[in-house]
Amino acid sequence: MSAALQISGLRQTFTTARGTVHALADVDLDVPAGSFVSLIGPSGCGKSTLLRCIADLVTPTAGQVLVGGKTARQARLDRDYGIAFQAAGLLGWRSVLRNVELPLELQGVPRARRRARAAELLELVGLAEVGRMRPEELSGGMQQRVAIARALATEPPLLLMDEPFGALDEMTRERLQTELLAICARTATTVVFVTHSIAEAVFLSSHVVVMSARPGRIVRVVDVDLPTRGEGTRQDPAFFARLTEVREALRGPAGSPVAAGAGTEDR
Amino acid sequence: MSAARRAGAALLGVAALLLLWEAYRAFGPLQGVQLGGERVLPRADPRSMPGVLEVLREAVAPEVAVPGAHSVAVAVLTAAGGTLRTALGGWLLGALVGVALAVPMQRLRLLERAVLPWVVLSQTVPVIAIAPLVAGWGGRLRLGADAVWQPWMSVVVISAFLAFCPVAVGMLRGLHSPAPAAVELFRSCAASHRQVLLRLRLPASLPFLAPALRLAAAQAVVGAIVAEISTGTRGGIGRLLVTYAQQATSAPGRLYVAILGAAALGLVVAGLATLLDAAVLRPGLRRTPRRRPAPGGLPA
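Chains as they are written, first to last, in the UniProt record's numbering: chain V, 1 to 267; chain X, 1 to 300.
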């Protein structure tokens, strides 16, 4: 399989009043097309920064990011990825349908075509009925599904997600995880997914990239080879085995526990 | 509260005020009350405090003692109408200038740092200081072969000078109001600066623009009246206030008719601003900003 994403020698440092922060150090990662990769690690490990480097929202200090063989900047200009953040970030003055249309509108797609496409996407995320409503009339989970529909609007080969379910309750979260897998299977999209939930990472991913903090670097990549994924998967012994593997990788070499999972992090 | 009850309460307030006025006239000391040489309560004689009925009589009385002359009320309404036109002109011009300043200021931080302090500082210059300057500069302008600078144009410019500031400040805050994530979303879609402005920043700024426009409307009216007085422009309520104040000894009620006219002018402009607010801010827009705009939109 060809690589949807190639990262080599990526380094990111920020200069603050208190000195230089090494957000990312020597990150190398190849993501094959069609795979689902989760970035997991303690707060401040640079997983969001890594995602933002891929999205060309920040420029790395050193190293290279290739998205489908293009530079990150060219990929952004060619609209080769869709992105969803922890906050759904829907525009309150637009209807739900017109929110989904937005990326197509910015691309200059004619009105009738983009409207039809947006309606299709809303159906894909199970919200065909709410197109005319205002975002504020939807629940948090529904808003997040609209944001996913919007990220998929231009049919990007790559989907970037920064803790998209982080603000949702556990039940909504698990339902949306299952739905996301179904959507990805249907659209054959490559996904890079930032999370700090171990269960979420293992359930969704074909590869879990475990990162450590200060400086942010990749500790280990855990391959998750579960045959099928559904609600039953969460009770599968193979699922638990992978959970343990990721948890141990997060804990790091014996004797140096890393506070993993808890809390929200700022990017 | 229902609309009817609100209107009733407002009328009750006006009635109470009139009653208080008449009661002081009836029972207050004729020479007022003095404390340590300072008058703390006004004289209650008819010349200092004309009665409500007297003011009304004065309103319908002819303005000059010539047969067929129009009444004081008509003179006041005509003058208020004239000032309304110049104030609206100043409001519009001020709003345009405010928006035209805010958009580049949002785009270039350097420009914001360089210009914004002057925008705020400009409001500390008293109108009576700039009014003669504007009138003087205008008088030297040649607009065309047969068009010369009219005095009312000076009034519009001075009125706009007061009105542009709240619009510039409010609009700038509105343009800055979208969340960083929303800006990044547009960036991720490779949106141009123009698209970010038209599809994100302008719609997001509307809830901030509306209160700024309301404040600017009030400023424009004050600016127009003061400008009329300090440039001596005829045909407006400002000039009439001065004229009637000079006649206060012979006809004390007239000044109050003019004051009522000026108040009515303020109410009309405030009403227009509210209508515009309701038209621009359709219900769906009202709840958008994450940060609520401060009332008035001006820094304290």
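Cβ atoms here follow ideal geometry from the backbone N, Cα and C, with glycine treated the same way. On a predicted model such as this, the values are computed, not experimentally measured, just so you know.
Annotation: Val192(V) to Ser206(V) spans about 11 Å, alpha carbon to alpha carbon. The beta-carbon of Ser188(X) is placed less than 8 Å from the nearest beta-carbon of chain V. CA-to-CA, the gap between Leu92(X) and Ala160(X) works out to about 8 Å.
Residue burial annotation: Trp93(V) is buried, with at least 16 other C-beta atoms found within 10 angstroms of its C-beta. By the C-beta density criterion, Thr124(X) is exposed, having fewer than 16 other C-beta atoms within 10 angstroms. In this structure Ala249(V) is in contact with Val210(V), their Cβ atoms being roughly 4 Å apart against a cut-off of 8 Å. Put simply, the backbone Cα of Val167(X) is about 19 Å away from that of Val155(X).
Think of a sphere of 9 Å around the beta carbon of Arg229(V): no beta carbon from chain X falls inside it, the nearest being about 28 Å out. A straight line joining the alpha-carbon of Glu38(X) with that of Gly32(X) spans about 10 Å.
Non-local beta-carbon contacts of Ala212(X) in its own chain, meaning distances under 6 Å to residues more than five positions away in sequence, involve Pro166, Val167, Gly170, Gly297 in chain order. From the listed residues Thr243(X), Val72(X), Leu30(X), the smallest Cα separation to Val55(X) is found for Val72(X). The beta carbon of Thr154(V) sits closer than 8 Å to those of Arg79, Gly82, Pro103, Leu104, Gln107, all from its chain and outside the five residues before and after it, given in chain order. Among the residues facing chain V, Gln195(X) is included, as its CB has a counterpart in that chain under 8 Å away.
Comparing C-alpha distances from Thr178(V) to each of Val146(V), Thr189(V), Phe203(V), Val65(V) shows the shortest one belongs to Phe203(V). For Ala241(V), the closest Cβ of chain X is not nearer than 8 Å.
Runs of the alpha helix (DSSP H) lying entirely within the stretch 179-221 of chain V, each at least 4 residues long, are 198-204 in chain order. Any Cβ of chain X closer than 8 Å to the Cβ of Leu159(V) would place that residue at the interface, and such an atom is absent.
Taking 8 Å as the cut-off, the beta carbon of Gly261(X) is found closer than this to the beta carbon of Val76(X). Runs of the beta strand (DSSP E) lying entirely within the stretch 25-112 of chain V and spanning at least 3 residues, in chain order: 36-40, 62-67, 81-84. In the DSSP assignment, Phe14(V) falls within the beta strand (DSSP E) that extends over 3-16. Around the CB of Gly98(X), 16 or more other CB atoms lie within 10 Å, so the residue is classed as buried. Judged by their CB atoms, Val146(V) and Leu138(V) are nearer to each other than the 8 Å cut-off. Pro203: these are the residues of the stretch 202-230 of chain X whose beta carbon lies less than 7 Å from some beta carbon of chain V, given in chain order. In the pairwise beta carbon analysis, the stretch 110-121 of chain X is classified as not touching the stretch 181-192 of chain X: fewer than three pairs are separated by under 8 Å.
For Gly68(V), the closest of Gly44(V), Arg111(V), Gly34(V) by C-alpha to C-alpha distance is Gly34(V). Listed along chain X are Ser188, each with a C-beta nearer than 7 Å to that of Ala55(V). Straight-line spacing of the CA atoms in Leu29(V) and Leu77(V) works out to 22 Å. The beta-carbon distance between Leu122(V) and Leu159(V), rounded to whole angstroms, is 17 Å. This is too long to meet the 8 Å contact definition. Collapsing the DSSP output to three states places Gln34(X) in a strand. Residue contact check for Pro103(V) against chain X: a CB pair falls below 8 Å. Our two residues, Glu231(V) and Leu57(V), have alpha carbons roughly 35 Å apart in a direct line. Under DSSP, Val21(V) shares a beta bridge with Phe14(V). Distance from the CA atom of Leu162(X) to the CA atom of Gly94(X), rounded to whole angstroms, is 7 Å.
Gly34(V) does not reach chain X, its nearest Cβ partner there being about 21 Å away, counting only Cβ pairs nearer than 9 Å. Under a criterion of Cβ atoms nearer than 9 Å, no residue of chain X is adjacent to Leu152(V); the nearest Cβ is some 13 Å distant.
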